[in-house]
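In what follows, a structure is listed as C-alpha cells, so that the remarks can point back to it.
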C-alpha cells in the first residue's frame, strides 16, 4: 500500500463497501464493474464471467451507451487476450492493448482501445471472472498504483461474489422448502375442508325446495367450513415471509419492488427511501411491505397514472409509508370500491401491526395511501 494517499484509500474503501453491500449476484457484478472504472478513471470497463464451457455466462460493459452496445453485436467468445486472461491468474497492464501478442481484432462498431488493465477476480485457484479496463483518463495511462488498487478491489470483490452466490443458492433452497411446506399443509388441512365444503354446498342446493329447514342447516355447515378453511389458510400464510424482505431488509426490498415495476409498466415508479429504517417488528415490516405492494399494484391496474411515488420516512418513533399517484382517483366511500381495491385487507394488516392506514382520494385527483407503524 506504499505510495497511496488518503484520498486513494478512501476511494478504494468506498468501492469495497459498495461491492460488499449487495446480496444479489447481478448487483455485485454491476457494482464491481462501475467501482473499478471510477476507482482508476477508465473510459471503458467490462467484466466477464466464464461459463466453464468456452463462453461467457455474463459479460457486462460500462462506459458505452445501449445503442453502442447493440451495434457491437454478439457477446465476445473466449479468444485472444480475453481467452488468455480467463486462464491466467496474473494481471495484464499495457500502454496499448493492440501490442499484446494474442490480440486479434474487435468488431467494426467497437470503441478504439489503447492503454489497458486486466485484473482477475480469484477465489483460491478458481478464476471467478476478469475485469477489463481501458483508456485511462490520465495522460500517463494506467499506473502500477492503479494496478494495486484494482487488485485490492478484486480481492474483496471475490469474497462478495462468492457470498452472493451462496446467498442466492440458499434463497432458492428456502423457496423450494417453503413451497413444499405450503403444499403439504394445503394437502393435509385445507384441501379436505374445501372438499367437504363443496359436498355440503351441493347437498344444500338439492334440499332447498323439498326440505328448506335441512338446507338451512347444511348452509350453516358451509359457513362454518368456509370460516375454518379461511383460518387454515391464514395460519399457513402467516408462516410465509417475503424472501426479499428476509434477505434485503425493508428499505432495499421496497426499492427493488419499485424498480421492477418501473421497468415493466409505463408509469414512472420512484422509490424515495429514508436510507436508514428504524428497527421494526417482523409483523410491522411485513405490513409495510405488503401494503406498499397492494397500493402500487392498485395504482398500476386501476388509476391510469403517469407517476407513482413510494416514500418511506421516519418520524420520532414512527415509520411512515406514503404511496401516491396522479391517476384517476376514486370515491373511497363508493359501494364496492374498498372490496375491489383490497382496502379492508390493507386496513386489517395495518391494525394487526399496531399501525394506522389512511386513504385519501377523489375522482380526477389521484390517490395517496399513508401507513404509520410504531418502531421499536
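Residue numbers (my numbering): 11 to 386. Heads up, the beta-carbon is just placed ideally off N, CA and C, and yes, glycines get one too. Values in this document were obtained by computation on a predicted structure and should not be read as measured data.
Which residues in the same chain as residue i place their Cβ atom closer than 6 angstroms to its Cβ, once the five residues preceding and following it in sequence are excluded?
{"i": "residue 304", "result": "352, 356"}
{"i": "residue 334", "result": "319, 378"}
{"i": "residue 147", "result": "51"}
{"i": "residue 376", "result": "335, 336, 337, 339"}
{"i": "residue 12", "result": "A caution first: residue 12 carries a pLDDT of 46, below 50, which makes its placement in the model unreliable, though a value can still be read off. Taken in chain order, the list of residues that qualify is empty."}
{"i": "residue 261", "result": "283, 287"}
{"i": "residue 106", "result": "124"}
{"i": "residue 313", "result": "335, 337, 338"}
{"i": "residue 217", "result": "224, 225"}
{"i": "residue 170", "result": "29, 30, 38"}
{"i": "residue 94", "result": "112"}
Enumerate in chain order the residues of its own chain whose CB-to-CB distance from residue i is below 8 angstroms, with the five nearest sequence positions on each side excluded.
{"i": "residue 288", "result": "324, 327, 329, 385, 386"}
{"i": "residue 341", "result": "347, 371, 372, 373"}
{"i": "residue 309", "result": "277, 315, 318, 333, 335, 337, 377"}
Identify which residue in the options has its Cα closest to the Cα of residue i.
{"i": "residue 98", "options": "112, 108, 106", "result": "112"}
{"i": "residue 277", "options": "311, 237, 66, 292", "result": "311"}
{"i": "residue 152", "options": "266, 294, 364, 50", "result": "50"}
{"i": "residue 281", "options": "24, 263, 360", "result": "263"}
{"i": "residue 80", "options": "41, 121, 37", "result": "121"}
{"i": "residue 296", "options": "259, 315, 275, 21", "result": "259"}
{"i": "residue 363", "options": "313, 291, 322", "result": "291"}
{"i": "residue 211", "options": "233, 221, 96", "result": "233"}
{"i": "residue 115", "options": "343, 92, 100, 129", "result": "92"}
{"i": "residue 156", "options": "185, 216, 21, 314", "result": "21"}
{"i": "residue 144", "options": "266, 365, 27, 72", "result": "72"}
{"i": "residue 48", "options": "142, 187, 84, 104", "result": "142"}
{"i": "residue 209", "options": "219, 109, 229", "result": "229"}
{"i": "residue 129", "options": "100, 207, 154", "result": "100"}
{"i": "residue 23", "options": "33, 76, 108, 165", "result": "165"}
{"i": "residue 181", "options": "33, 109, 343, 84", "result": "33"}
Ends of the alpha helix (DSSP H) at residue i?
{"i": "residue 304", "result": "292-308"}
{"i": "residue 40", "result": "35-50"}
{"i": "residue 316", "result": "It is not in any alpha helix (DSSP H) - residue 316 carries neither H nor E in the DSSP assignment."}
{"i": "residue 353", "result": "353-362"}
{"i": "residue 67", "result": "Element bounds for residue 67: not the alpha helix (DSSP H) but the beta strand (DSSP E), 66-72."}
{"i": "residue 76", "result": "76-82"}
Would residue i and residue j qualify as a contact pair, given that the criterion is a beta-carbon distance under 8 angstroms?
{"i": "residue 46", "j": "residue 163", "result": "yes"}
{"i": "residue 127", "j": "residue 160", "result": "yes"}
{"i": "residue 67", "j": "residue 60", "result": "yes"}
{"i": "residue 301", "j": "residue 370", "result": "no"}
{"i": "residue 35", "j": "residue 178", "result": "yes"}
{"i": "residue 214", "j": "residue 225", "result": "yes"}
{"i": "residue 43", "j": "residue 55", "result": "yes"}
{"i": "residue 117", "j": "residue 74", "result": "no"}
{"i": "residue 96", "j": "residue 140", "result": "yes"}
{"i": "residue 119", "j": "residue 150", "result": "no"}
Return the first residue and the last residue of the beta strand (DSSP E) that residue i is part of.
{"i": "residue 140", "result": "136-146"}
{"i": "residue 334", "result": "328-335"}
{"i": "residue 342", "result": "Taken as a continuous stretch (DSSP letters only), residue 342 belongs to no beta strand (DSSP E), as it is neither H nor E."}
{"i": "residue 383", "result": "377-384"}
{"i": "residue 279", "result": "278-282"}
{"i": "residue 62", "result": "Taken as a continuous stretch (DSSP letters only), residue 62 belongs to no beta strand (DSSP E), as it is neither H nor E."}
{"i": "residue 132", "result": "126-133"}
{"i": "residue 368", "result": "366-371"}
{"i": "residue 102", "result": "102-104"}
Might you give, ordered along the chain, the residues of its own chain that have their beta carbon closer than 7 angstroms to the beta carbon of residue i, omitting 5 neighbours on each side?
{"i": "residue 272", "result": "278, 279"}
{"i": "residue 70", "result": "39, 40, 43, 56, 57"}
{"i": "residue 204", "result": "239"}
{"i": "residue 275", "result": "310"}
Could you check how far apart the C-beta atoms of residue i and residue j are, in whole angstroms? I think they sit under 8 angstroms.
{"i": "residue 367", "j": "residue 298", "result": "With 8 angstroms as the limit, residue 367 and residue 298 do not qualify as a contact, their Cβ atoms being about 11 angstroms apart."}
{"i": "residue 174", "j": "residue 131", "result": "Actually they are not in contact, since the Cβ atoms of residue 174 and residue 131 sit about 12 angstroms apart, beyond 8 angstroms."}
{"i": "residue 294", "j": "residue 383", "result": "4 angstroms"}
{"i": "residue 102", "j": "residue 133", "result": "About 19 angstroms; that fails the 8 angstroms criterion."}
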